[in-house]
Structures are given as C-alpha cells and as structure tokens.
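For reference, the structure discussed in these notes is given below.
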Amino acid sequence: MSSKQAAMRDAYGEALLELGATNKDVVVVGADTTGSLKSGVFASKYPERFFNVGIAEQNLVSIAAGLALAGKIAYAGTYAIFVPGKSVDQIRNNIAYPNLNVKIVCSHGGISVGPDGASHQQVEDIAIMRAIPKMKVIVPADAPSTKGAVKAIATIPGPFYVRLTRPSTPIIYESGFEYKFGEANVLRDGSDVALFACGIMVPEALKAADSLKAKGVSAAVIDLHTIKPIDSDTVTKFAQKCGRVVTTEEHNVMGGMGSAVAEVLGERCPTLMKRVGVMDTFGESGDAGELLKKYGLTSADIEQAALGLSKVR
5 MSSKQAAMRD
15 AYGEALLELG
25 ATNKDVVVVG
35 ADTTGSLKSG
45 VFASKYPERF
55 FNVGIAEQNL
65 VSIAAGLALA
75 GKIAYAGTYA
85 IFVPGKSVDQ
95 IRNNIAYPNL
105 NVKIVCSHGG
115 ISVGPDGASH
125 QQVEDIAIMR
135 AIPKMKVIVP
145 ADAPSTKGAV
155 KAIATIPGPF
165 YVRLTRPSTP
175 IIYESGFEYK
185 FGEANVLRDG
195 SDVALFACGI
205 MVPEALKAAD
215 SLKAKGVSAA
225 VIDLHTIKPI
235 DSDTVTKFAQ
245 KCGRVVTTEE
255 HNVMGGMGSA
265 VAEVLGERCP
275 TLMKRVGVMD
285 TFGESGDAGE
295 LLKKYGLTSA
305 DIEQAALGLS
315 KVR
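Residue numbers (this note's numbering): 5 to 317.
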C-alpha cells in the first residue's frame with residue numbers, strides 16, 4: 005500500500021475521458037454535481053454527449069434510461085444520498101426492470117462525507133441497490149481500481165451501481181492494473197482470520213493485518229470490491245482456510261457487504277464471523293477521521309474484532 009493518496013472522483017473523470025475517446029456511444033448525465041464528481045471534464049471535451057439535468061435526480065436516472073434505450077452507454081452520477089436516495093422507484097422500474105445499459109456512479113458514500121452530517125451521509129445504498137434484481141454493485145478501494153472499474157463496466161451489458169467516497173484515499177493498486185469484475189482481490193494471504201473489506205476500509209484492513217501479525221495472528225486481506233455478484237468461491241475458500249471471518253465496510257451492517265458474506269457462508273460454509281461497520285445508526289456532522297473513529301471504522305476496530313473471534317472456541 006502506497007503512502008500516496010488520490011481521489012476516486014478524479015479517477016472517475018479520467019476514466020470518462022478515456023471512454024469518450026474510444027467509444028462514441030458513451031454519454032454522461034449529471035445533476036449539478038459535475039464539478040464535484042469531475043464528470044465536467046467529459047463535458048468540456050464532448051459537450052454534445054453530456055447532459056446536465058440540474059438538481060433533479062429522478063430525471064437524472066430516467067433520462068439515462070432513455071439514452072440507453074437509444075443505444076447509448078449512459079453514465080449517470082451525483083451524490084449517493086440522492087441516487088439511490090431520491091430515485092429508487094425510477095432506478096428499479098426504468099433501469100433495472102428493462103435491464104438497461106445504465107452505469108450509475110455516485111460519490112460521497114458513507115459517513116466520511118463528514119461535516120455535511122447525517123442528512124448527507126448515505127449508509128444504506130449498498131443494501132438498497134444489491135436488493136434490486138439485475139443490478140450489479142461495485143465499491144472500489146482506491147483511485148486506480150475506480151478507474152479500472154468504470155472503464156470495465158462499459159463493456160458489460162446491463163445496469164451497474166458504483167459507489168465512491170468523498171475523501172482522497174491511500175493507493176492500493178498500481179496504475180494500469182487489470183480490473184476484473186466479479187473477482188475478489190486477495191491482497192494478503194493468511195491462515196488464522198480472513199478480513200473481507202471494500203471501499204475505504206481496505207487500507208484499514210491492511211493496517212489491521214500488520215498489527216495482527218505482530219501479535220502472532222496471520223490475517224488474510226481480501227478486497228471484495230464486487231458486492232453483487234459476490235465472489236462466493238473466494239469467500240468460501242478463505243472461510244474454510246481460516247475458520248474465522250471479519251467483514252468491514254463504511255456502510256450499515258444491515259444489508260451491506262457483511263450481510264452478503266454472511267449469506268454465502270450460511271449456505272455454503274457456516275463460519276464464526278464479525279461485521280465491522282456502522283451499527284444501524286445515523287451519523288452526525290464532524291471531521292471524517294473523527295467520525296470513522298467514533299463509529300468504529302478503523303484498523304484498531306478490525307483488529308479487535310479479529311482478536312475477539314480468536315478467543316472463541
């Protein structure tokens with residue numbers, strides 16, 4: 005893991021530019037957050053393929069659906085609190101039900117939005133979107149994986165939801181690495197406990213693994229970037245190998261990545277596990293780092309969860 009940091013939003017803008025140059029069917033729809041999401045760079049280069057619908061999120065996803073019906077690959081994005089927050093009905097019926105080629109890429113997921121407070125801290129979106137039939141869900145860990153994911157999904161038919169975060173994050177992957185949709189990335193092998201993480205919790209899981217190693221605990225770290233369809237084989241493999249599982253995400257523990265892992269293990273390989281995430285509560289206004297600490301989303305929290313499981317016989 006690099007000490008350098010980069011913004012997922014910048015990577016999104018870069019990916020759109022590259023897609024725009026190679027695929028004339030790529031169009032982008034925004035909702036007055038194009039400066040923040042960096043999709044405005046696409047607008048500057050390809051104004052005829054960019055549509056800013058204003059602060060009208062239900063229109064955002066519906067217009068994207070119409071463009072997809074016309075044969076376009078439509079990328080639609082704003083803040084996660086607004087999409088899916090204000091437009092679940094339109095996403096379900098206008099995009100997912102007809103299985104349209106719309107790629108919803110939203111930033112500002114989780115409580116790391118910080119000072120904007122609970123009204124803008126989306127901690128339910130993964131649960132909402134993975135429950136919609138035909139919808140595929142990705143939560144990248146850093147800027148390079150964001151860029152890889154955004155470009156990769158252009159070639160995969162059907163609807164996607166890609167969830168980004170607001171702050172810059174540590175770089176996990178080298179620039180230009182090959183992103184593989186649906187395949188979990190094993191970042192660290194281990195034999196005592198498997199740490200499954202997504203989004204900004206991936207670097208925290210790596211830190212926790214380092215600390216656990218110093219205590220004699222061998223921790224595997226798996227970036228479970230594709231929440232749906234989940235990589236059931238990798239989840240099962242490491243659950244069987246380690247016998248204990250910790251999941252960690254910047255999302256409500258109800259219905260998110262941890263729940264998806266629990267579903268797999270419940271059917272395939274019942275395993276002792278602990279979910280680290282937002283404990284079914286709303287956030288509050290504050291510095292992002294302070295909030296992550298208060299709500300139990302740090303490497304120390306992951307480490308304690310793993311050590312707690314190691315005491316269970």
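Every residue, glycine too, gets a C-beta built ideally from N, C-alpha and C.
Cβ-Cβ separation, residue j to residue i (assumed contact under 8 angstroms), whole Å
i    : j    : result
A251 : M261 : Per the sequence shown, the amino acid found at residue 251 is Thr instead of Ala. 6 angstroms between Cβ atoms; contact.
I136 : I95  : 7 angstroms
A2   : P171 : The shown model of the chain, from 5 to 317, leaves out residue 2, and the question about it has no answer.
N103 : G162 : 5 angstroms
E254 : G113 : 7 angstroms
Straight-line Cα distance separating residue j from residue i
i    : j    : result
E208 : A201 : 9 angstroms
L199 : P274 : 16 angstroms
M139 : I108 : 10 angstroms
A74  : R192 : 44 angstroms
D235 : Q244 : 15 angstroms
I99  : V106 : 7 angstroms
K211 : K28  : 42 angstroms
N97  : E61  : 15 angstroms
E307 : K49  : 46 angstroms
F286 : A122 : 6 angstroms
T37  : V265 : 33 angstroms
A15  : D284 : 31 angstroms
K155 : T169 : 18 angstroms
V166 : G203 : 11 angstroms
I115 : G220 : 32 angstroms
S215 : A153 : 30 angstroms
P233 : G247 : 23 angstroms
V280 : A218 : 21 angstroms
M205 : T173 : 10 angstroms
G17  : S263 : 31 angstroms
V65  : D196 : 44 angstroms
P88  : D129 : 6 angstroms
Y83  : V117 : 10 angstroms
T26  : S43  : 17 angstroms
E294 : E267 : 31 angstroms
I231 : I160 : 16 angstroms
V190 : K297 : 26 angstroms
V57  : G39  : 14 angstroms
Element boundaries [alpha helix (DSSP H), containing residue i]
i    : result
N63  : E61 to L73
R53  : First-last for R53: undefined, no H or E at that position.
V268 : M261 to R272
C246 : S236 to C246
D120 : Where D120 is concerned, there is no enclosing alpha helix (DSSP H), given that its DSSP letter is neither H nor E.
V154 : A147 to A156
T38  : T38 to L41
T26  : M12 to T26
L216 : M205 to A218
A292 : A292 to K298
A80  : Where A80 is concerned, there is no enclosing alpha helix (DSSP H), although the beta strand (DSSP E) it sits in stretches over I77 to G81.
Sequence-distant residues of the same chain with beta carbon closer than 6 angstroms to residue i, five excluded per side
i    : result
L71  : V31 and A78
G194 : S222, A223 and A224
R272 : T240
L41  : R13, G81 and S111
L269 : A243 and T275
A188 : I226, L228, D235 and T238
I85  : H124 and Q126
V282 : V127, N256 and Y299
K90  : E61
A19  : K151, V154 and K155
P144 : T150, A153 and H229
N63  : V57
Close beta carbons around residue i, own chain, < 8 angstroms, minus the five adjacent residues each side
i    : result
K278 : V249, V250, T251, A309, A310, G312 and L313
P119 : S289, G290 and D291
I175 : M5, S6, K8, Q9, A10, D146, A147 and P148
Extent of the continuous beta strand (DSSP E) run through residue i
i    : result
R170 : Run containing R170: none; DSSP gives neither H nor E here.
L276 : L276 to V282
D305 : Here D305 belongs to no beta strand (DSSP E); instead the alpha helix (DSSP H) covers S303 to S314.
I231 : T230 to K232
Residues near residue i in its chain [Cβ-Cβ closer than 7 angstroms; skip 5 each side]
i    : result
F164 : K107, I108, K140, I142 and I157
L23  : V30, K155 and A158
L21  : V45, F46 and K49
K76  : D29 and V31
Residue i beta carbon near the ligand ATP (any heavy atom closer than 8 angstroms)
i    : result
K184 : Absence of the ligand ATP is noted for the structure shown, with no ligands found whatsoever.
Stretch pair the stretch 128–142 + the stretch 297–316: three plus CB contacts closer than 8 angstroms
As far as the Cβ criterion goes, the stretch 128–142 does not touch the stretch 297–316, which means the pair count is below three.
Does the stretch 141–149 come into contact with the stretch 173–184, if we say contact requires no fewer than three beta-carbon pairs (one atom in each stretch) closer than 8 angstroms?
Judged by Cβ distances under 8 angstroms, the stretch 141–149 makes contact with the stretch 173–184, as three or more pairs qualify.
Under 8 angstroms: do the stretch 46–60 and the stretch 18–34 share three or more Cβ pairs, one atom per stretch?
yes
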